[in-house]
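>
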Ligand code: UD1
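Residue numbers (the numbering used here): 82 to 517.
(1) Is there at least one non-hydrogen atom of the ligand UD1 closer than 7 Å to the beta-carbon of residue 423?
(2) I need the DSSP call for residue 263, collapsed to helix, strand or coil.
(3) Rounded to the nearest angstrom, what separates residue 497 and residue 270 at their Cα positions?
(4) Are the CB atoms of residue 146 and residue 471 nearer to each other than 8 Å?
(5) Which residues bound the beta strand (DSSP E) around residue 350?
(6) Which runs of the alpha helix (DSSP H) spanning at least 4 residues fall entirely within the region 183-267, listed in chain order?
(7) If you reduce the DSSP assignment to three classes, tell me which class residue 278 lands in.
(8) Can you give the beta carbon distance from residue 169 to residue 141, rounded, assuming they're within the 8 Å contact cut?
(9) Could you check if residue 413 is buried or exposed, using at least 16 other CB atoms within 10 Å of its CB as the buried criterion?
(10) Closer than 8 Å is the cut-off here; do at least three beta carbon pairs connect the region 144-162 with the region 184-202?
(11) When you compare the CB positions of residue 75 and residue 282, do they come within less than 8 Å of one another, or not?
(12) Write down the C-beta distance between residue 350 and residue 316 rounded to the nearest angstrom, noting that I regard them as a contact closer than 8 Å.
(13) Compute the Euclidean distance between the alpha carbons of residue 267 and residue 314, then round it to the nearest angstrom.
(14) So which of 411, 400 and 306 has the shortest CA-CA distance to residue 338?
(15) Residue 113 lies in the beta strand (DSSP E); which residues open and close that run?
(16) Would you check if there are 3 or more beta carbon pairs closer than 8 Å linking the region 301-313 to the region 220-234?
(17) Which runs of the beta strand (DSSP E) fall wholly inside the region 290-353 and span at least 3 residues, in chain order?
(18) Which residues bound the alpha helix (DSSP H) around residue 451?
(19) Which residues mark the beginning and the end of the alpha helix (DSSP H) in which residue 495 is found?
(20) Is the beta carbon of residue 388 closer than 8 Å to that of residue 416?
(21) Can you tell me the Cα-Cα spacing of residue 165 and residue 318, whole angstroms?
Given below as structure tokens:
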């Protein structure tokens, strides 16, 4: 309860009022259970989807993270009403009356772009500033916009804004050049109430897409195929309300498992879908960890120096997730032997590498590859989080380093991890949040 209170207090503070950092004394092993939060990347598009219906939707166990806070703020600006009951959020979009997504918030949150599909469906108009989010590469939105155009939306881009208009949305076949998660979700949202059938080919297959399908079907949509490369949406005219529990956060789960592998000890990650992170589980087993899977829990045990895995490449699901690349690279830093990590999705996702080097890591980045030569021990240092997952990687490195580290600007980490230090402390880590 104390942490829910602190989270609410922090998130209700004026922007920039808090500059916070972690102080971490490394070296403790991790033991115990950690309950995995609901998936950020499911909750965000589902929140966007609530604009489609004028009936109340209750989303259960929303993670206590800033991205959710910002999405809810945007919904409020659109005229939706949001209220909390414990960790559940109730959205009532019956009073939504605005189709312009405020630019300051859109720049804070990349997922604000998902609102385009839902807002166009509701108002036949939408205006949004180019979305922000983690600075991990170019992150274009051409596939989102081309998909919307195929459904009949006219789009103009002016002074950093995307302006959309349409008389009516009409189903169509859309072939994505690459399986973009956001574009697949945005097109699904726009197509739910379009006239006729939409078929998305080369769709992203991430579990969060299937979760969005399940949510939309619960409120009355007719969607099949999510989780495969072809998603079919038969337009419907009426939607309803529902209560919905999104899937667990496979990236948070992966972060804790990597942390336990690095620090040593034995942890149980509870409330997860192990098959959703099987690419990571296989790598951790190759690294030498003992892993037991039992329904919705994974037990990871490690008591020795990890063995390096020669190469890891990020790929769309079910490949190795780009959102675990930084954390896994941190692990490679203390493996016996060398590893090559290749980032295939985002151009500048190695920004955390110079920070790891301050801790004694031996990494050379060549284009999209990081060549990591394992060292026996990292050492404590003052490091700066530049983005969400890179920030998490620095925390993991600090947990295993000799002596004290400080991880600065943890607002990036708060975007995606709820109560991270509380959960780590419960596992035995020595970590403190300090407000400066
Ligand atoms: C989503 C996730 C993010 C994850 C990423 C890849 C959310 C809120 N975020 O981001 O955590 O890292 O999937 O798993 O769910 N691309 C284009 N044009 C577009 C859109 C994408 O070229 O219009 C490219 C991107 O540059 C990138 C690739 O497609 O190389 C994949 O990006 P995408 O799947 O769209 O990522 P996001 O939806 O932004």
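C-beta: ideal position from N, C-alpha, C; glycine also.
For clarity, every value in this text was computed on a predicted model and none was experimentally measured.
Based on what the coordinates show:
(1) Stepping through the chain shown from its first residue, residue 423 is reached at position 342. No.
(2) Your numbering for residue 263 matches position 182 in the chain shown. Note: residue 263 maps to helix in three-state DSSP.
(3) Translated into the one-based positions of the chain shown, residue 497 becomes position 416. Translated into the one-based positions of the chain shown, residue 270 becomes position 189. A straight-line Cα-Cα distance of about 23 Å links residue 497 and residue 270.
(4) As a working note, residue 146 is residue 65 in the chain shown. As a working note, residue 471 is residue 390 in the chain shown. Residue 146 is not a Cβ neighbour of residue 471, given a cutoff of 8 Å.
(5) To locate residue 350, count along the chain shown from 1; it is residue 269. Where residue 350 is concerned, the enclosing beta strand (DSSP E) stretches over 346-351.
(6) Fully contained in the region 183-267 are the following alpha helix (DSSP H) runs of length 4 or more, in chain order: 184-189, 196-204 and 223-231.
(7) Indexing the chain shown from 1 puts residue 278 at position 197. Correct three-state label for residue 278: strand.
(8) Along the chain shown, one-based indexing puts residue 169 at 88. Along the chain shown, one-based indexing puts residue 141 at 60. Indeed they touch by this definition, with Cβ atoms about 5 Å apart.
(9) For this step, residue 413 is matched to residue 332 along the chain shown. Buried.
(10) Yes, the region 144-162 is in contact with the region 184-202.
(11) This structure does not reach residue 75, given that the chain is present from 82 up to 517, and the question cannot be answered.
(12) Taking the first residue of the chain shown as 1, we reach residue 350 at position 269. Taking the first residue of the chain shown as 1, we reach residue 316 at position 235. For residue 350 against residue 316, the beta-carbon gap comes to about 39 Å, at or over 8 Å, which does not count as contact.
(13) Here residue 267 corresponds to residue number 186 of the chain shown, with the count starting at 1. Here residue 314 corresponds to residue number 233 of the chain shown, with the count starting at 1. Approximately 12 Å, taken between the alpha carbons.
(14) Start at 1 with the first residue of the chain shown, and residue 338 comes out as number 257. Residue 338 has its Cα closest to that of 411, out of 411, 400 and 306.
(15) For the purposes of this step, residue 113 is taken as residue 32 along the chain shown, with counting starting at 1. Counting along the chain, residue 113 sits inside the beta strand (DSSP E) bounded by residues 111-116.
(16) No: the two stretches stay apart, fewer than three of their Cβ pairs being nearer than 8 Å.
(17) Correct list: 303-305, 311-315, 323-325 and 346-351.
(18) One-based indexing of the chain shown puts residue 451 at position 370. That residue, residue 451, is in no alpha helix (DSSP H); its beta strand (DSSP E) goes 450-454.
(19) In the chain shown, residue 495 corresponds to position 414, counting from 1. Run containing residue 495: 492-495, per the alpha helix (DSSP H) assignment.
(20) Reading the chain shown from its first residue, position 335 is the one you call residue 416. Reading the chain shown from its first residue, position 307 is the one you call residue 388. It is a contact, given that the beta carbons lie within the stated cut-off.
(21) Within the chain shown, the letter at position 84 stands for residue 165. Within the chain shown, the letter at position 237 stands for residue 318. Between residue 165 and residue 318, the C-alpha separation is close to 29 Å.
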